[in-house]
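Residues -20 to -1, 1 to 449 (mature numbering (1 follows the signal peptide of the UniProt record, and there is no 0)) make up the sequence shown, in order. Some notes on the structure that comes next.
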Amino acid sequence: MFIPLVPLCISCILPSLASSTRLIRRRLSGFHAPASPTAMATRASVRPGMMPRADLPPRIFSDVPGTWAHDTMSRRVRDEILSRIYEENPSLPPSCIRQLDELKAELQQPGVSKLRHIRESDGGPDKDVWRELLGEWVDKGATWLSAPWLITEFYFYRRVLEAVDWYQTQIDPFEQQKKAGLADSMPSIEALAQKSLDESDPDQSMGLHLHVFASLWGNKMDLSLWPSSADSQQNHARHVDQAMSEGSAMLLADDFAVMWDSIRGQLPLARVDMVADNAGFELVSDMCLADCLVRCGIAKKVVFQLKEQPVFVSDAMPKDAEQTIDYMASLTDADKYPSCVKIAQRLRSYVDENKWQFNCDGFWNQPYAFWEMPPGLRQTLANESSMMIVKGDCNYRRLLGDRYWPLSTPFSDVVTYSPTRMLALRALKAELGCGMAADKTQKAAESDPKWMVNGRWGVVQFYDPFVSG
């Protein structure tokens, strides 16, 4: 059911993009007619019980100028991402450079260049998966802009891996960026580590809430507002209020209390799965959240679900998680970062004692909707995981199938397919969403022209399949 059109200052949403006004108005009102001939609603070929309760709206394509999807596939992947691969991998052999040049040439005319299958010589075990994903669109002669955005964006990174011969060389073309990002974040990581170490038997709910905010907002959180063990009772209460107020100020949905009510009678949870997003500071904030889960008796074990291959530049792989802990533990300037060194030792103990586990699965690297999760992975999560924490914008797009849901569609009507409890933490960086009240989205749109894509606004959303109808 579509919600009625609400009055909005459309010029303050994407003011320089007059041609997109009607499209944006439809999105914010909840009426999502196809934005282009290619944007047609389809239902995935999976069992009905594993689908969203609500009818599927149209998929997002990249062929509408003025949208974030169009800017990404017509400019950003070429000018901001591919160009840095050349710069940061100067020792790539000529054969790899030639393939990157071929990719660059295609992206210079994304509305004309047609998609092709991954070459047989690539050697990747996922070639058949990509043949299935691309089959319909290759057969139709689709271009980089006329196939679904989620598919083409993941396909770009898969083509990069083909170009650098990933399956033979294991060259991570984004290694330098990830390492530099971690090193540059050390002052912020030291502050977060200090706060995590400073907690002395904190209230479970409060400690978890603070770390959820840190995991969501990353280094945008003002950690000086966090309570300290040295606080007086009065100052402690004031700092808690300040930290909570800051963390929730830009939230368009906040289900933390619902989540806590759902799990608090069953603590400790046997296992929590963290579907991670970025390496660097964000991964450390996820680790501090996982530290809180184990240390405070909220979960017995945390399993990090990480990427199997390099993707989306900074997405974390198992090697990145291991290297992050090792880097923090072996800092030569320990006097400058004492809390980093100390907490790294604690994090390493979780791995050694099997309280933490770093997993990867090819599914996390593929542009399937989460309701298309392979049976084996789904069954494992259903049988062994008490809750999934799903991090980041790209994972959230997959929760929604990268579709134009009316923004007020209840989160619980979309993720009814989830095999276990789900907590989604997302800073908005794409023009889609659900579970957000109209008054909140209207206020955001009126105050921030780029509220859907600049990462300043966020959601904390929860679903419990064991209690939801």
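The C-beta atom is built at its ideal place from N, Cα and C for all residues, glycine as well. Note that the structure is a prediction, hence the values are computed from the model and not measured.
ask   = Ile131 CB to nearest chain B CB: under 7 Å?
value = Of the chains in the structure shown, none is chain B; there is only one protein chain.
Could you pull out every unbroken alpha helix (DSSP H) segment of at least 4 residues lying fully inside the region 87 to 150, listed in chain order?
You should have 107 to 119, 129 to 143 and 146 to 149.
Review point. Does the separation of the CB atoms of Ala296 and Met308 fall below 7 Å?
Key: no
Give the DSSP-derived three-state secondary structure of Tyr443 in the structure shown. Note: Tyr443 maps to strand in three-state DSSP.
Name, in chain order, the residues that DSSP records as bridge partners for Trp336. Answer is Val282, bridged to Trp336.
Check: Hey, how far is the Cα of Met20 from the Cα of Gly381?
Finding: Annotation note: pLDDT 35 at Met20 (below 50); position unreliable, no value reported.
So, is Gly413 buried or exposed, given that buried needs 16 or more other C-beta atoms within 10 angstroms?
-> Answer is buried; the Cβ neighbour count reaches 16.
Thr149 versus Glu142 - alpha carbon distance
So the two alpha carbons sit approximately 11 Å from each other.
Exposure label - Gln346; buried when at least 16 CB within 10 Å = buried
Handout entry: Identity of the residue in Cys272, Pro153 and Trp385 nearest residue 457 by Cα
Key = Residue 457 is absent from the model: the chain starts at -20 and stops at 449.
Original post:
Residues bridged to Ile40 by DSSP?
Top reply: In the DSSP output, where bridge partners are listed per residue, Ile40 has none listed.
Taking only the alpha-carbon atoms, compute the straight-line gap between Leu188 and Tyr147 and give it to the nearest angstrom. 39 Å
Check your understanding: So, are the CB atoms of Ser319 and Asp266 less than 7 Å apart?
Key -> No, these two residues do not count as a Cβ contact at 7 Å.
field: Selection from Ala171, Lys420 and Phe338 that minimises the alpha carbon distance to Val252
entry: Phe338
Bridge partners for Leu249 per DSSP, in chain order? Ala279
Between Val394 and Met402, which are expected to be in contact by the criterion C-beta below 8 Å, what is the C-beta distance as a whole number of angstroms? Not a contact, Cβ separation roughly 10 Å.
Going by C-alpha to C-alpha distance, which of Asp51, Arg99, Gly198 and Tyr66 sits closest to Arg406? Gly198
Requested in this report: Flag Lys409 as yes when its Cβ comes closer than 6 Å to any non-hydrogen atom of the ligand SAH, and as no otherwise.
Outcome: Absent from the structure shown: the ligand SAH. Ligands present: none.
_Validate contact between the region 353 to 366 and the region 107 to 125 using beta carbons, cut 8 Å, 3 pairs_ = no
Measuring alpha carbon to alpha carbon, tell me which residue in Arg58, Gly372, Gly342 and Glu352 is nearest Ala404. When each option's Cα is compared against that of Ala404, the closest is Gly372.
query: Got a sec, what are the start and stop residues for the beta strand (DSSP E) Met402 sits in?
result: Run containing Met402: Arg401 to Ala407, per the beta strand (DSSP E) assignment.
Met224 bridges to which residues according to DSSP? For Met224, which the question treats as bridged, DSSP gives no partner whatsoever.
- Query: When we look at the beta-carbon of Phe132 and count the other beta-carbons within 10 Å, is it buried (16 or more) or exposed?
  - Reply: The sequence given here has Thr at residue 132, not Phe. Thr132 comes out buried.
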